[in-house]
Amino acid sequence: MSNSEDDKPLQAVKSNESISKAEDSAMDKQIPSNHENGEADPGITMVNGPVDDMQVDPQPPFTNGTASSKRKASMQNGKSYKEDSESEDDVPLQKKRKTTKPAADDDEDDIPLKKASKPPALKAADIGEDSDDDEPLGQKLQHEKAGIEKKAKEEAEAIRRPSRSADARRKAKKVDSDDEDDEPIAKKKAPAKKPVKKEAASKKVKKEESDEDDVPISKKAPPKKAASKVKKEETASPAPKKGKGKAKSEEPKQEDDDAEEDDEDEYRWWEAPNTGDGTKKWTTLEHNGVVFPPEYEPLPSHVKMLYDGTPVNLHPEAEEIAHAFGSMLNSTHNVENPTFQKNFFADFKEMLDKTGHAKDNSGNKIKITKFEKCDFKPIFNYMDAERQAKKALPAAEKKKLKAEKDEAEAPYMYCVWDGRKQKVGNFRVEPPGLFRGRGEHPKTGKWKKRVRPEQITINIGKEAMVPKPPEGHKWKEVKHDQEGTWLAMWQENINGAYKYVMLAANSDIKGQSDYKKFEKARELKKYIATIRKDYNKELKSEVMAERQRATAVYLIDQFALRAGNEKGEDEADTVGCCSLKFEHVTLRPPDTVVFDFLGKDSIRFHEEFKVDSQVFKNLKIFKRSPKKEGDEIFDRLTTSSLNKHLSNYMNGLTAKVFRTYNASWVMSSLLKEMKSEGTIPEKVKDYNNANRKVAILCNHKRTVAGGHAAQMEKMGDRIKALYYQEYRMKQMMLDLDPKLKKKKGEAYFALKEGIDDEWVRGHQDALVEEQREKIRKKFEKENEKLVAEGQKEMKPKELDERLKVADELADKFKDERKRKKIEAEGKSPSIEKFEQQLEKLDTRIATMKTQSEDREQNKDVALGTSKINYIDPRLTVVFSKKFNVPIERFFSKTLREKFEWAIKSVDENWEF
1 MSNSEDDKPL
11 QAVKSNESIS
21 KAEDSAMDKQ
31 IPSNHENGEA
41 DPGITMVNGP
51 VDDMQVDPQP
61 PFTNGTASSK
71 RKASMQNGKS
81 YKEDSESEDD
91 VPLQKKRKTT
101 KPAADDDEDD
111 IPLKKASKPP
121 ALKAADIGED
131 SDDDEPLGQK
141 LQHEKAGIEK
151 KAKEEAEAIR
161 RPSRSADARR
171 KAKKVDSDDE
181 DDEPIAKKKA
191 PAKKPVKKEA
201 ASKKVKKEES
211 DEDDVPISKK
221 APPKKAASKV
231 KKEETASPAP
241 KKGKGKAKSE
251 EPKQEDDDAE
261 EDDEDEYRWW
271 EAPNTGDGTK
281 KWTTLEHNGV
291 VFPPEYEPLP
301 SHVKMLYDGT
311 PVNLHPEAEE
321 IAHAFGSMLN
331 STHNVENPTF
341 QKNFFADFKE
351 MLDKTGHAKD
361 NSGNKIKITK
371 FEKCDFKPIF
381 NYMDAERQAK
391 KALPAAEKKK
401 LKAEKDEAEA
411 PYMYCVWDGR
421 KQKVGNFRVE
431 PPGLFRGRGE
441 HPKTGKWKKR
451 VRPEQITINI
461 GKEAMVPKPP
471 EGHKWKEVKH
481 DQEGTWLAMW
491 QENINGAYKY
501 VMLAANSDIK
511 GQSDYKKFEK
521 ARELKKYIAT
531 IRKDYNKELK
541 SEVMAERQRA
551 TAVYLIDQFA
561 LRAGNEKGED
571 EADTVGCCSL
581 KFEHVTLRPP
591 DTVVFDFLGK
601 DSIRFHEEFK
611 VDSQVFKNLK
621 IFKRSPKKEG
631 DEIFDRLTTS
641 SLNKHLSNYM
651 NGLTAKVFRT
661 YNASWVMSSL
671 LKEMKSEGTI
681 PEKVKDYNNA
691 NRKVAILCNH
701 KRTVAGGHAA
711 QMEKMGDRIK
721 ALYYQEYRMK
731 QMMLDLDPKL
741 KKKKGEAYFA
751 LKEGIDDEWV
761 RGHQDALVEE
771 QREKIRKKFE
781 KENEKLVAEG
791 QKEMKPKELD
801 ERLKVADELA
811 DKFKDERKRK
821 KIEAEGKSPS
831 IEKFEQQLEK
841 LDTRIATMKT
851 QSEDREQNKD
861 VALGTSKINY
871 IDPRLTVVFS
881 KKFNVPIERF
891 FSKTLREKFE
901 WAIKSVDENW
911 EF
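Residues 1 to 912 in full-length UniProt numbering are what the sequence shown spells out, letter by letter.
Listed below in structure tokens is the structure:
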């Protein structure tokens, strides 16, 4: 196959346009039903982590489209699979599949709602993994997910079902609404919009359930807030109407034509009018442009890179690249990566060729040709010393430098958007440096060139003063794009991507963008049952394009696969569902699929899923010979055609909305049944466990951090330290009353298991050193204050005097070890006081153990991804208010600013 053919959306080797019934039946005989052996319902990952320990060639063998093919090598290394030229008809038939339909069959939707089973009630303990059985959490969630999906179906039909209790006005419209409910939204008749407009006024007064049934979820009013939990300006009735009216008048028509503006009166924005989804985003815009990084300052004359042991002088442009590599030698993950080294040296050598390579101290030319002969340690040593010196600066000096920097950047931090002051997000132009990328990015190590004003386009209002570029430069272009929300943009040289200066996360525009994203996901719950019913039917379609589309939607919905986009030759070889290739999918009968490919940000996606039998069969069909490595699986499907199909159900619906919907819906279902009790840390753990369920169900995985083991060891030492503190107090109690030993038992006063004499000695030494460090820091701080006030510094002798306290502590520990006795200490020590202190220590230990367990359980799950990007932040607010947990325990200051709209808009009774 030629390279030109590889670049086409459809491969030269592609699937037939249709699938005959005979062909379909023959395939059934080759694949055992996943229900024959009592397997669980499909639809969830069967592992809690990578499938690295999976057998490569189990029996029966993996199949790649032909029943007898075997996996020749790892999919990730680029080697091909062994192909089988034999026809499938020659393969011995396996046991026929039973006629029992799988759980995901379309016939399930014909079951009356009253007979549909409800999801199991959840308890706080159920959210964690406290069960003693060895079943992985992924498998436990399988049954729960089925219940959650059934509940979603009931919810969707309940929303769409017209109420029989509506008044005559609603009955007159019933025919139209009934006809529309069963059709994709894009196919509804236009006249249906008129009655909604006419009845806007009546809806404001009469809030019958039937009136709300036809209102899109994104337009429904939130529940009323309790007066005790909101500010006066949020609960006063006149204010919202005034603000809302303004929002309505300035808001262009949104994409959802069924909504119209009538219900906007029941849903308001807090800080400013909602600009909607129209084209014009602003009327006036003023800002001061961008901040450029400082120009490169050459290294001191005594700091030089070595080549083959010889110090060399480089042109400043070449030295800047060498400086970037040398300063990051401590980042072994990058500098020891062969791809990073190769790309860096290629760009470094290109600059050397351009600038005449290097010269030694005598002026003789030295041509640098081999990376192995380059020694960047002198550069690293110098930069490391500079970093340490900067860290060691007095606090007052650091504060002064920061104040100077803030003052210089102040004019760029805010813009004036339609007369309102808004904070700008990333107003600093990226400095030049070595590109790192994420995951296994093929361009890691390449040189990010310095961005000049001539590359930057400014977007600003026509009447505003255009910011001045640096002296001697000019802007590439000045635009007045009122459809864009960017202030400046440029194109970087690594991937050719455009970088934009946007408003900050806590700005009105960004907040409204997040709000619309989650409202779109909320609206999907109205249509999800119909979509699932349709794609389950189309899984058996005789039209290949329809069957491929249905299979892709199944994978996107059930396993949160990204849709994927077409890639150019110079882009990272990342894929999504629609762009999966032959080598990315391995099949293991009867119903297990292994995916192995580079996903978003070049992060490896290596997961094993249990799928519906029909989906397994379809993937087998899509991989049939003569397809081979490099050929696309969904060769009759593109992301754009998939999204176009989805938009027929709901305006603006795309594949990525499913990820947000599934994460938020699952979290919402868990929170409704949760009964979180205990301390704040225990409640936080309950929330994290629920979040972890969402992350696993939605496949939000992450690589275990390199420092995780060290962090867990440190937490373990802190818990041991608390146990040792308890031991000391109990020994002090014995010192006051030796009879307690007989009364409470010897075990009560013994050291905890795992704490020996060697650990105790090391811990005591650490306590002494900690005491010394505290004394030194306090001494330095007091000296800084004296200097700032114009007084003389204290002499070193004063520090030596203060350090005697630490020396006394060391002597005390030494004496205790020698005498093997701990004397009671403190002001008026008593048994009662020690017992009270022991209770507090027990609480601290329990809290720390909970936090330790929480961290260990979440080590390979991206909780942040779920919480910030996919779970509606209002659900986190609901948990916070429902169980009286400070929102600060879930959202940092930055996130609280970003989700201010969510924090202010809902109470504990809000539902997704």
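The beta-carbon is built from N, C-alpha and C at its ideal position, and this holds for glycine as well. In this text, all values refer to a predicted model and were calculated from it rather than measured experimentally.
Exercise. Counting pairs of Cβ atoms below 8 angstroms between the stretch 442-459 and the stretch 469-487, do you hit three or more?
Worked result: Short answer: they touch.
Exercise. What do you get for K187, buried or exposed, if any count of 16 or more other CB atoms within 10 angstroms of its CB means buried?
Worked result: Locating residue 187 in the sequence shown gives position 187, where the first residue counts as 1. With a pLDDT of 41 at K187, under the threshold of 50, the predicted position of this residue should be treated as unreliable, though the coordinate-derived value follows. With fewer than 16 other Cβ atoms within 10 Å, it is exposed.
Exercise. If you draw a straight line from the C-alpha of E682 to the C-alpha of K675, how long is it?
Worked result: Mapped onto the sequence shown, residue 682 falls at position 682. Mapped onto the sequence shown, residue 675 falls at position 675. For the pair E682 and K675, the Cα-to-Cα distance works out to about 12 angstroms.
For this session: Would you list the one or two residues that DSSP bridges to P311?
Result: Locating residue 311 in the sequence shown gives position 311, counting from the first residue. Paired residue(s): L306.
Exercise. Cβ atoms of G425 and residue 925: under 9 angstroms apart, would you say?
Worked result: No answer is possible for residue 925: it lies beyond the span of the chain, which begins at 1 and ends at 912.
Problem set entry | Straight-line Cα distance separating I845 from E908 | The residue labelled residue 908 in the question sits at position 908 within the sequence shown. The residue labelled residue 845 in the question sits at position 845 within the sequence shown. A direct Cα-to-Cα measurement between E908 and I845 gives close to 31 angstroms.
Problem set entry | Backbone secondary structure at D498 - three-state DSSP | Working through the sequence shown from its first residue, we reach residue 498 at position 498. For the sequence presented, residue 498 should be read as Tyr rather than Asp. Of the three classes helix, strand and coil, the one that applies to Y498 here is strand, per DSSP.
Exercise. Under 9 angstroms, do V429 and V684 count as touching if we go by C-beta distance?
Worked result: As a position in the sequence shown, residue 429 is number 429, starting the count at 1. As a position in the sequence shown, residue 684 is number 684, starting the count at 1. In this structure, V684 does not lie closer than 9 angstroms to V429 by Cβ.
For this session: Identify whether S18 lies in helix, strand or coil by the three-state DSSP scheme.
Result: As a working mapping, residue 18 is identified with position 18 in the sequence shown. It is a strand residue.
Problem set entry | Assigned exposure category for P316 - 16 Cβ within 10 Å defines buried | Numbered from its first residue, the sequence shown carries residue 316 at position 316. Exposed, because fewer than 16 other Cβ atoms sit within 10 Å of the Cβ of P316.
For this session: Would you list the residues sitting across from W490 in a DSSP beta bridge?
Result: Reading the sequence shown from its first residue, position 490 is the one you call residue 490. BP columns for W490 point to K499.
Exercise. Count the other CB atoms within 10 Å of the CB of E404; is the residue buried (16 or more) or exposed (fewer)?
Worked result: Here the question's residue 404 lines up with position 404 in the sequence shown. E404 is classed as exposed because its beta carbon has fewer than 16 other beta carbons within 10 Å across all chains shown.
For this session: Check G790 in the structure and name its three-state DSSP category.
Result: Taking the sequence shown and counting its residues from 1, one reaches residue 790 at position 790. In this structure, G790 counts as coil in the three-state DSSP scheme.
Problem set entry | Unbroken beta strand (DSSP E) run spanning F605, endpoints | Within the sequence shown, residue 605 is the residue found at index 605, counting from 1. Where F605 is concerned, the enclosing beta strand (DSSP E) stretches over 604-610.
Exercise. Are M732 and A824 touching if we call contact CB-CB under 9 angstroms?
Worked result: In the sequence shown, the residue the question calls residue 732 occupies position 732. In the sequence shown, the residue the question calls residue 824 occupies position 824. Cβ distance < 9 angstroms, so M732 and A824 count as in contact.
Exercise. Shortest alpha-carbon distance to K739 belongs to which of H763, I831, K693?
Worked result: Along the sequence shown, one-based indexing puts residue 739 at 739. The candidate whose alpha carbon is nearest that of K739 is I831.
For this session: In the DSSP assignment, find the alpha helix (DSSP H) that holds Y661 and state where it starts and stops.
Result: Your numbering for residue 661 matches position 661 in the sequence shown. Run containing Y661: 655-673, per the alpha helix (DSSP H) assignment.
Problem set entry | Residue range of the beta strand (DSSP E) that includes I696 | Residue 696 sits at position 696 when you count from the first residue of the sequence shown. Run containing I696: none in the beta strand (DSSP E); it sits in the alpha helix (DSSP H), 680-697.
Problem set entry | Contact between the stretch 352-370 and the stretch 298-317 (3+ Cβ pairs under 8 angstroms) | With the cut-off at 8 angstroms, the stretch 352-370 and the stretch 298-317 touch.
For this session: Hey, could you find the ends of the beta strand (DSSP E) N869 is sitting in?
Result: Position 869 of the sequence shown holds residue 869. Unbroken run through N869: none, as it is neither H nor E.
Exercise. To the nearest whole angstrom, what separates the beta carbons of M794 and E782, a pair I think is in contact under 8 angstroms?
Worked result: Counting from 1 along the sequence shown, the entry for residue 794 is found at position 794. Counting from 1 along the sequence shown, the entry for residue 782 is found at position 782. 7 angstroms between Cβ atoms; contact.
Exercise. Taking contact to mean at least 3 C-beta pairs separated by less than 8 angstroms, is the stretch 294-307 in contact with the stretch 371-381?
Worked result: In short, these stretches touch, since the Cβ pair count reaches three.
For this session: Starting from Y382, trace the alpha helix (DSSP H) both ways and give me its first and last residue.
Result: In the sequence shown, residue 382 corresponds to position 382, counting from 1. Under the DSSP assignment, Y382 falls in the alpha helix (DSSP H) whose first and last residues are 377-391.
Exercise. What's the gap between the Cα of Q491 and the Cα of K448?
Worked result: Here residue 491 corresponds to residue number 491 of the sequence shown, with the count starting at 1. Here residue 448 corresponds to residue number 448 of the sequence shown, with the count starting at 1. So the alpha carbons of these two residues sit roughly 11 angstroms apart.
Exercise. What do you get for Y554, buried or exposed, if any count of 16 or more other CB atoms within 10 angstroms of its CB means buried?
Worked result: Taking the first residue of the sequence shown as position 1, residue 554 is located at position 554. Result: buried.
Exercise. Along the chain, where does the beta strand (DSSP E) that runs through I458 open and close?
Worked result: Along the sequence shown, one-based indexing puts residue 458 at 458. Counting along the chain, the beta strand (DSSP E) containing I458 begins and ends at 457-459.
Exercise. Taking the alpha-carbon positions, what's the V466 to L487 distance?
Worked result: Residue numbering aside, residue 466 sits at position 466 when the sequence shown is read from its first letter. Residue numbering aside, residue 487 sits at position 487 when the sequence shown is read from its first letter. Each residue's alpha carbon lies about 11 angstroms from the other.
Exercise. Under a three-way DSSP split, which group does E823 fall into?
Worked result: Stepping through the sequence shown from its first residue, residue 823 is reached at position 823. DSSP places E823 in the coil class of the three-state scheme, outside both helix and strand.
For this session: Enumerate in chain order the residues of its own chain whose CB-to-CB distance from N565 is below 6 angstroms, with the five nearest sequence positions on each side excluded.
Result: Numbered from 1 along the sequence shown, position 565 holds the residue referred to as residue 565. Cβ-Cβ distances below 6 angstroms link N565 to T639 in the same chain, with the five nearest sequence neighbours on each side left out; the list follows chain order.
Exercise. Which term fits K898, buried or exposed, when burial requires 16 or more other beta carbons within 10 angstroms of its beta carbon?
Worked result: For the purposes of this step, residue 898 is taken as residue 898 along the sequence shown, with counting starting at 1. Buried, since its Cβ has 16 or more Cβ neighbours within 10 Å.
Problem set entry | Spatially closest choice to E608 from K617, V593, Y649, L619, by CA coordinates | The count along the sequence shown starts at 1 and reaches residue 608 at position 608. Measuring from the Cα of E608, the nearest candidate turns out to be V593.
Exercise. What residues match up with I366 in a beta bridge as DSSP calls it?
Worked result: Numbered from 1 along the sequence shown, position 366 holds the residue referred to as residue 366. Beta-bridge annotation (DSSP): I366 is paired with A358.
Problem set entry | Between the CA atoms of P311 and T654 - distance to the nearest angstrom | Counting from 1 along the sequence shown, the entry for residue 654 is found at position 654. Counting from 1 along the sequence shown, the entry for residue 311 is found at position 311. Approximately 58 angstroms between the Cα atoms of the pair.
Problem set entry | Proximity to A14 [Cα-Cα], best of V543, P394, R624 | For the purposes of this step, residue 14 is taken as the residue at position 14 of the sequence shown. In the sequence under discussion, the amino acid at residue 14 is Lys, which differs from the Ala named in the question. Comparing Cα-Cα distances from K14 to each of V543, P394, R624, the minimum goes to R624.
For this session: Measure the alpha-carbon distance for Y527 versus G511 and round it to whole angstroms.
Result: The residue given as residue 527 occupies position 527 in the sequence shown. The residue given as residue 511 occupies position 511 in the sequence shown. Y527 and G511: Cα-Cα distance of roughly 26 angstroms.
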